[in-house]
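A quick write-up on the structure given underneath.
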Amino acid sequence: MGRSAKYLTAASKSDALKSQRREYARSDRGKAARKEQNKRAYIRAHSRRGPPPRTTMPTLPQALRDTAAFDLPTHSTFFLEASRSADALDESELAEWDRLPPYPSPAPPDIFRERTYTDNLSDLMDGRRLREERARISDFRAQYVRGTAGSRETMIALIEAAREDWKSAAEALKGDVGCPRHRKMADNYMRWQARTACVLYDTLQELS
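Going from the sequence shown to our numbering is simple: count from 1 and add 219.
Here it is, written out as structure tokens:
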């Protein structure tokens with residue numbers, strides 16, 4: 220597949236591609252992408268047009284917690300590299316998988332190489348999302364301990380947003396979400412929305 224090289228480990232990438240990744244991570248666009256979800260949740264939590272911000276813990280259904288209890292692919296080089304650092308991969312084309320289906324990319328041919336690519340892509344997204352989860356929880360812990368205004372409300376808003384996205388993804392997966400790659404990536408997104416809700420919920424419970 221022509222684009223599969225973008226997802227190899229850092230050791231096998233060219234110097235030019237490494238430089239491109241680092242520039243993207245340092246750019247305003249890269250920094251903004253990482254913070255966008257938190258900013259949207261903060262705005263929802265503090266909107267004057269809507270109801271007052273929630274301060275009570277939301278309810279997480281058991282089905283969500285069951286979905287969140289999945290094993291990470293710790294055997295995968297793609298997962299391990301992506302979980303350690305953004306320098307291990309080119310993230311510029313991964314945004315497609317950071318949302319609910321349907322996905323715009325065309326369906327690949329059903330051949331072994333493409334199926335392997337899909338498995339590696341899923342492992343890579345697991346690693347990336349784990350790295351982002353660690354950074355997010357670290358940031359929220361620091362904000363909460365400092366007593367940053369609105370930190371509790373922001374966490375609650377994010378829990379609720381992740382819960383709703385889990386619900387929407389689960390509903391979408393009952394129908395036709397496209398090719399096997401799109402289905403696998405939609406399932407990956409659904410599982411991580413469930414995990415995000417649980418990790419934030421448990422962290423807030425611990426801090427409260």
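Quick reminder that beta carbons are idealized off the backbone N, C-alpha and C, glycines included.
Under 8 angstroms, do residue i and residue j count as touching if we go by C-beta distance?
i: Leu291; j: Leu343; result: no
i: Arg402; j: Phe289; result: no
i: Ala391; j: Ala413; result: no
i: Tyr408; j: Leu319; result: yes
i: Leu313; j: Trp385; result: no
i: Pro323; j: Glu315; result: yes
i: Pro321; j: Val396; result: yes
i: Thr335; j: Arg400; result: no
i: Phe359; j: Thr275; result: no
Taking its Cβ as the centre, do 16 or more other Cβ atoms sit within 10 Å of residue i, making it buried, or is it exposed?
i: Arg371; result: buried
i: Gly346; result: buried
i: Ser357; result: exposed
i: Ala361; result: exposed
i: Val364; result: exposed
i: Ala416; result: buried
i: Lys250; result: Reliability fails at Lys250, whose pLDDT of 49 lies under 50, so the model's placement of it is uncertain and no value is given.
i: Glu425; result: exposed
i: Asp309; result: buried
i: Arg353; result: exposed
Excluding the five sequence neighbours on either side, which residues of its own chain have a C-beta within less than 7 angstroms of the C-beta of residue i, listed in chain order?
i: Arg267; result: With a pLDDT of 47 at Arg267, under the threshold of 50, the modelled position of that residue is not reliable, and the figure given next carries that caveat. Within the same chain, Arg267 has no close Cβ partners at all.
i: Ser302; result: Gly346, Leu349 and Arg350
Which same chain residues end up closer than 6 angstroms to residue i when comparing Cβ atoms and leaving out the 5 residues on each side of it in sequence?
i: Leu419; result: Met374, Leu377 and Ile378
i: Ser387; result: Leu319
i: Lys393; result: none
Going along the chain, which residues of its own chain have a beta-carbon closer than 8 angstroms to the beta-carbon of residue i, five neighbours each way excluded?
i: Leu299; result: Thr293 and Gly346
i: Ala204; result: Shown here, the chain extends from 220 to 427; a query on residue 204 therefore has no answer.
Inset, instruction - Could you pull out every unbroken alpha helix (DSSP H) segment of at least 4 residues lying fully inside the segment 370-397, listed in chain order? - result: Within the segment 370-397, the complete alpha helix (DSSP H) runs of at least 4 residues are 370-391.
Legend entry - In chain order, each alpha helix (DSSP H) run of at least 4 residues that lies wholly inside the segment 293-318: Secondary structure in the segment 293-318: the alpha helix (DSSP H) runs of 4 residues or longer, each lying completely within the stretch, are 296-303 in chain order.
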